[in-house]
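Encoded as structure tokens, the structure appears first; notes follow it.
Residue numbers (our numbering), protein chains in the order written: chain A, 1 to 203; chain B, 1001 to 1203.
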């Protein structure tokens, strides 16, 4: 694609590096900014730089934070007897938005994946064990909320093995047919597992 | 949606103001930036601010430019006998990318739309007439490449009326069934017009 100006070209190339954005969308955004007041672009730019330079990670759960300890870990209203283990901060946000969980979290930073060169030591598994083992630990349950993939299962297996010696209940989020989806469109593996893992009817 | 950090929230809100970006995509982009090196975010931010503060508009054709006169108007290789009238710089870029047009352009800045409060004086129509009327003008043809909408047609009609007194050929881009699309999925108006406006077969 040819651009009428070097400035546009630079901006498009930079924007198009963001995930899910192609050159056409990037161009649309660049032209949109040109039509807006100058301070709109400035505040967008500032917010990005502030995000990148000032964001901290919680020393306890590795969630994104504005302080050394994140707002969830600081919140005394949260149930300290349960830790939900997630891969990324995105997953944490997704679970928070369900309003169904009031415990603490632990962000692993990924899953074990030898193919991608991710070994257990690249994740925050040691930190999780320390939290559970700590003298003042109130943790009674570890809830694994990992992806239903080979890598997610491997990671869940690894963590379970490490936690086994401790007197901790280990649970996993339920797998099954998603709410609102029709059986005929559900993939065979999910449907098969939902039959194997059937529960007493609570209707 | 709740965010683990004020910095994330600010960034998501700013990014989500861009066209076609919702909060979920904005969050994905923000988290992506957090994973990248700091200078990546800085260069993205710089490119946006540079774009907004340094971009100029061509004094002749109103295209986006790095200088008072844009690279197309400056280019002596371009055919100065034809001016293609477009609504926005985006349309200009789209036509440039076809490599089928080697003349000059004129960017109107929109179309006449009483409902949106856009009158002919809000557009660069006077500038176009001046260019065509200029003593050193080489213009022999004005090609209208406006949207096939009521507003586009109104604008084309208005410009045609203004240019009529001059000895200028006025053309419009061809309307019809898009290349590669199937007749049965073409809307009735397009199909109807493509029959009314049929051409001698050149196969």
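Glycine included, each C-beta is placed from N, C-alpha and C at the ideal position.
Keep in mind that this is a model prediction, so the values were computed, not measured.
Exercise for the section: Determine the contact status of residue 1110 of chain B and residue 1092 of chain B, defining contact as a CB-CB distance below 8 angstroms. Expected result: Taking a C-beta distance under 8 angstroms as the contact criterion, residue 1110 of chain B and residue 1092 of chain B do not qualify as a contact pair.
Exercise for the section: Using a Cβ cut-off of 8 angstroms (strictly closer), state whether residue 1083 of chain B contacts chain A. Expected result: no
Exercise for the section: Return yes when the Cβ of residue 1146 of chain B is within less than 8 angstroms of the Cβ of residue 1087 of chain B, no when it is not. Expected result: yes
Handout entry: Three-state secondary structure assigned by DSSP to residue 1016 of chain B
Key = Three-state result, residue 1016 of chain B: coil.
Exercise for the section: May I ask you to verify whether the region 115-122 of chain A touches the region 61-80 of chain A, counting CB pairs closer than 8 angstroms and requiring at least 3? Expected result: Result no; under three Cβ-Cβ pairs closer than 8 angstroms.
Exercise for the section: Using 7 angstroms as the cut-off, classify the Cβ of residue 188 of chain A as near or not near the heavy atoms of the ligand SAM, replying yes or no. Expected result: As presented, the structure is devoid of all ligands, the ligand SAM included, so that no description of it is given.
Exercise for the section: Classify residue 1173 of chain B as buried or exposed, calling it buried when 16 or more other Cβ atoms lie within 10 Å of its own Cβ. Expected result: Burial call: exposed.
Exercise for the section: Starting from the C-beta of residue 1008 of chain B, find all residues in its chain whose C-beta is less than 6 angstroms away, skip the five residues before and the five after it, and write them out in chain order. Expected result: 1030
Exercise for the section: Compute the beta-carbon to beta-carbon distance between residue 132 of chain A and residue 81 of chain A, rounded to the nearest angstrom, for a pair I have assumed lies under 8 angstroms. Expected result: Residue 132 of chain A to residue 81 of chain A, Cβ: 11 angstroms. No contact.
Problem - Contact belief for residue 1033 of chain B with residue 1041 of chain B at Cβ below 8 angstroms, rounded distance in angstroms - result: The C-beta distance from residue 1033 of chain B to residue 1041 of chain B rounds to 5 angstroms, short enough to fall under 8 angstroms.
Practice task
Measuring only between beta-carbons, confirm whether residue 1089 of chain B sits less than 8 angstroms from chain A.
Solution key: yes
Exercise for the section: Return the residues of the region 30-58 of chain A that lie within a Cβ-Cβ distance of less than 7 angstroms from chain B, sorted by chain order. Expected result: Along the region 30-58 of chain A, going in chain order, the ones with a CB nearer than 7 angstroms to a CB of chain B are 30, 31, 32, 33, 34, 38, 41, 42, 43, 44, 45, 47, 48, 49, 50, 51, 52, 53, 54 and 55.
Exercise for the section: List the residues of chain B that residue 10 of chain A touches, going by C-beta distances under 8 angstroms, in chain order. Expected result: 1047, 1050 and 1051
Problem - Proximity test, Cβ basis, 8 angstroms: residue 131 of chain A and chain B - result: no
Handout entry: Candidates B/1044, B/1035 and B/1089: closest to residue 1256 of chain B by CA position
Key = The displayed coordinates of chain B run from 1001 to 1203. Any statement about residue 1256 of chain B would go beyond what the structure contains.
Handout entry: C-beta neighbour in chain B for residue 28 of chain A, strict 8 angstroms
Key = yes
Practice task
Report the three-state DSSP secondary structure of residue 1074 of chain B (helix, strand or coil).
Solution key: helix
Practice task
Leaving aside the five residues before and after residue 148 of chain A along the sequence, list all residues of the same chain whose C-beta is less than 7 angstroms from its C-beta, in chain order.
Solution key: 175
Exercise for the section: With a cut-off of 8 angstroms on the beta carbons, I'd call residue 85 of chain A and residue 62 of chain A a contact; round off their distance for me. Expected result: Not really, about 11 angstroms apart at Cβ, beyond 8 angstroms.
Practice task
Could you tell me which chain B residues have their CB closer than 8 angstroms to the CB of residue 134 of chain A, listed as they occur along the chain?
Solution key: None at all; the shortest Cβ gap to chain B is about 22 angstroms.
Handout entry: residue 1191 of chain B to residue 1199 of chain B span [Cα, whole Å]
Key = 14 angstroms
Problem - Assigned secondary structure, residue 81 of chain A (DSSP; H/G/I helix, E/B strand, else coil) - result: Reduced to three states, the DSSP call for residue 81 of chain A is strand.
Practice task
Give the C-beta separation of residue 46 of chain A and residue 1005 of chain B to the nearest angstrom, bearing in mind that I take them to be a contact with Cβ-Cβ under 8 angstroms.
Solution key: With a Cβ gap of about 16 angstroms, residue 46 of chain A and residue 1005 of chain B do not count as contacting.
Exercise for the section: Grab the span of the beta strand (DSSP E) containing residue 179 of chain A for me, first residue to last. Expected result: Membership of residue 179 of chain A in any beta strand (DSSP E) is not indicated, and neither H nor E is assigned to it by DSSP.
Problem - Sub-8 angstroms separation of residue 170 of chain A and residue 142 of chain A beta-carbons - result: yes
Exercise for the section: Spatial neighbours of residue 1095 of chain B within its chain, please: CB distance less than 6 angstroms, with the 5 preceding and 5 following residues excluded, ordered by chain position. Expected result: 1101
Handout entry: Contiguous beta strand (DSSP E) assignments of at least 3 residues, all confined to the region 93-165 of chain A
Key = 103-107 and 141-144
Problem - Best match in B/1025, B/1156, B/1181 and B/1127 for proximity to residue 20 of chain A [C-alpha to C-alpha] - result: B/1025
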